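Reading through the C-alpha cells given below for one structure.
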Amino acid sequence: MNVAIIGAGINGLMSALELSEQGIQVHIYDQQQAGLEASWAGGGILSPMYPWRYPQAVNTLAKHAKYLYHQWNEKLFPITGIDFQIQQTGMLIFDHNDFAQGLAYAEKYNEPMQRCEKISQSKIKNINPRVSKNLQEAIFFPELSNIRNPRVLQSVIRYLQKQPNVQFHENIKISNLIPNKDEVHAIQDHNQNIYFHDHIVIATGAWSAEWSKQLNIQLPVYPIQGQMALFKTPPHWLPTMCMNKVMYLIPRQDGHIVCGSSMKDIGFNKDTCNDTQKNILAACFEMIPELQKFPLIKAWTGLRPSSPHGIPYIGQLPHLKNVWLNTGHFRNGLCMGAASAQLLRQHMLSQPLIEDPTPYSPNQLYI
Ligand SMILES: Cc1cc2nc3c(=O)[nH]c(=O)nc-3n(C[C@H](O)[C@H](O)[C@H](O)COP(=O)(O)OP(=O)(O)OC[C@H]3O[C@@H](n4cnc5c(N)ncnc54)[C@H](O)[C@@H]3O)c2cc1C
Numbered sequence: 001m002n003v004a005i006i007g008a009g010i011n012g013l014m015s016a017l018e019l020s021e022q023g024i025q026v027h028i029y030d031q032q033q034a035g036l037e038a039s040w041a042g043g044g045i046l047s048p049m050y051p052w053r054y055p056q057a058v059n060t061l062a063k064h065a066k067y068l069y070h071q072w073n074e075k076l077f078p079i080t081g082i083d084f085q086i087q088q089t090g091m092l093i094f095d096h097n098d099f100a101q102g103l104a105y106a107e108k109y110n111e112p113m114q115r116c117e118k119i120s121q122s123k124i125k126n127i128n129p130r131v132s133k134n135l136q137e138a139i140f141f142p143e144l145s146n147i148r149n150p151r152v153l154q155s156v157i158r159y160l161q162k163q164p165n166v167q168f169h170e171n172i173k174i175s176n177l178i179p180n181k182d183e184v185h186a187i188q189d190h191n192q193n194i195y196f197h198d199h200i201v202i203a204t205g206a207w208s209a210e211w212s213k214q215l216n217i218q219l220p221v222y223p224i225q226g227q228m229a230l231f232k233t234p235p236h237w238l239p240t241m242c243m244n245k246v247m248y249l250i251p252r253q254d255g256h257i258v259c260g261s262s263m264k265d266i267g268f269n270k271d272t273c274n275d276t277q278k279n280i281l282a283a284c285f286e287m288i289p290e291l292q293k294f295p296l297i298k299a300w301t302g303l304r305p306s307s308p309h310g311i312p313y314i315g316q317l318p319h320l321k322n323v324w325l326n327t328g329h330f331r332n333g334l335c336m337g338a339a340s341a342q343l344l345r346q347h348m349l350s351q352p353l354i355e356d357p358t359p360y361s362p363n364q365l366y367i
C-alpha cells in the first residue's frame, strides 16, 4: 500500500509516522518546507485551554495524545537526538467566571490530566512566586503539560527522513486530485506533474477549504490568525503556565516564555500587528509583571485551521473510497495531533479504533 499525505504539519507528519511504522510506503507533499506553518507557530499546550468550553470529542483526543507524545519521544529521541521537551509545569487559570465550571469539569470526568483545585494567594505564591499580587485566586491544574512543538516537528521529520519507506516532496503544491469513478489515484502538482498513489490523505490545515469544489463537499476549514510573542528569562524562571482572559504564558525549559494569543479572521494574512502585540503583552504583564524586565525576542503569527466546533474531520470520504481527511483541528491541533493520526491509521488499516469515530466523521460534510 502506498499513501500520499498532502500537508506536512503536525497532522500530516504524525499520520506519516503512524502509517510508516506499519510498513506502509508513505509520500509526504508540502507546498513549502515541512513543518513551518501552524504547527510550528503554536504554543504546544497539551490540553484545550478551558477544556469545559470544548466538545468532549476534542478533549478525548487530547487525553490520548498526551500519552502518545511521551511514547513517541521515548522512541524517537535516541534516534534523532531531539527531545520534545514535554514539561509538566501545571497551569494556573485566573478567570473567575470559569472557576466553578473548571472544578465541576474536573470532578465529572475525573481524569488525572484535568485534576484541578481552587487556590488562594498564599498557595499561588508557593506554586508560582512570579504571579501578580493583584491576582488573589486561581484554579490550578497540576498535571497540565506543554510540548516544544518545533522540536516535535524536527524530530519527527528527521526520523521519517531516515525511513526507507518514506519520501518527502517539499515545495510541491498539490493542485488537483484527479478522480476515476469513486477513487482518486492521481494527484497533480502546480507544475502539472502527476503522481500515483493507492490512498490520499488530506492534512492541509488552514488551506483545506480549497478542496471543497474538487471534492464536491463543503469542507469548512479556514484560516484564523493567531499572534505570539517570545521572551527570554533565565532557565526555570517561571514555574507554571498561566492563563487569564484567553491569554497565556508558556515557560520552556531553557527560560524562553511563549506568550499568546490573538484570534483574527483575516484570511491568509500572516503579518504581525503592533496593537495585537500590545494586547498580548498587557495581558501577560498583568499576570506576571516582572516579565517586563526581560527582552522580547520575537513575534510571529500562524494560521489555525478553524472548523465549526473545533472538532477535526478524521476519516474516509464516503463518495471517494481512498481519500481520507485529517484536518480542521483549529486551536487544538498540537494537543490532538498524535491521537488524530492514530485514529486515522486505525481507520485506514481496518484496525480497532481508540475512540468512537462518529464525532470526527466526514459524513457530516454532505449534510
Ligand atoms: C498562535 C497559535 C497558537 C496555538 N497554540 C496551540 C496550543 O497551545 N495547543 C494546541 O494544541 N494547538 C495550538 N494551536 C493550533 C495548532 O497549531 C493547529 O491546530 C495545528 O498546528 C494544525 O496542524 P495541521 O497539520 O493541521 O496544519 P499546519 O501545521 O498548518 O500544516 C498544514 C500544511 O499543509 C501544507 N499545505 C496546504 N495546502 C497544501 C497543498 N495544496 N499542497 C501541499 N501542501 C499543502 C501547508 O504548507 C502546511 O505545511 C495554535 C495555533 C496558533 C496559530
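Each residue of the sequence shown is one higher than the last, beginning at 1 in UniProt numbering. Cβ atoms here follow ideal geometry from the backbone N, Cα and C, with glycine treated the same way. Predicted model only: the values in this text are computed from it and were never measured.
Asked	Found
Residues near Asn216 by beta carbon distance below 8 Å, same chain, minus five either side	His319
Distance cut-off 6 Å: Pro251 Cβ against heavy atoms of ligand 1	no
Within the region 110-175, ranges of the beta strand (DSSP E) (whole runs, at least 3 residues)	117-120, 137-141, 166-169
Proximity to Gly42 [Cα-Cα], best of Leu230, Ser15, Ala283, Trp237	Leu230
Spatial neighbours of Ala16 in its chain, beta-carbon cut-off 7 Å, leaving aside the 5 residues before and after	Ile5, Val26, Ile28, Leu160, Val166
Cα-Cα separation, Ser120 to Gln88	21 Å
Whole-number beta carbon distance between Ala34 and Leu13, since they are thought to touch under 8 Å	7 Å
Glu18 and Ala339 closer than 7 Å at C-beta	no
Stretch pair the region 55-69 + the region 197-210: three plus CB contacts closer than 8 Å	no
heavy atom of ligand 1 below 6 Å from Asp271 C-beta	no
Top-ranked residue by Cα proximity to Thr80, from Leu61, Asp275, Asn171, Ser155	Ser155
Start-to-end residues for the alpha helix (DSSP H) that takes in Ile79	56-80
Residues near Leu296 in its chain [Cβ-Cβ closer than 8 Å; skip 5 each side]	Ala229, Leu230, Phe231, Leu281
Contact belief for Pro305 with Thr327 at Cβ below 8 Å, rounded distance in angstroms	6 Å
Where the alpha helix (DSSP H) through Leu19 begins and ends	10-20
Asp189 - partner residues in DSSP beta bridges	Ile174
Among Trp237, Asn146, Ala38, Leu177, the one whose alpha carbon lies nearest that of Gly255	Trp237
Test item: CB-CB of Thr240 and Asn128 under 7 Å	yes
Tyr366, buried or exposed, once every other Cβ within 10 Å from all chains shown has been counted against 16	exposed
Where Asn97 falls, given that 16 or more other Cβ within 10 Å makes a residue buried	exposed
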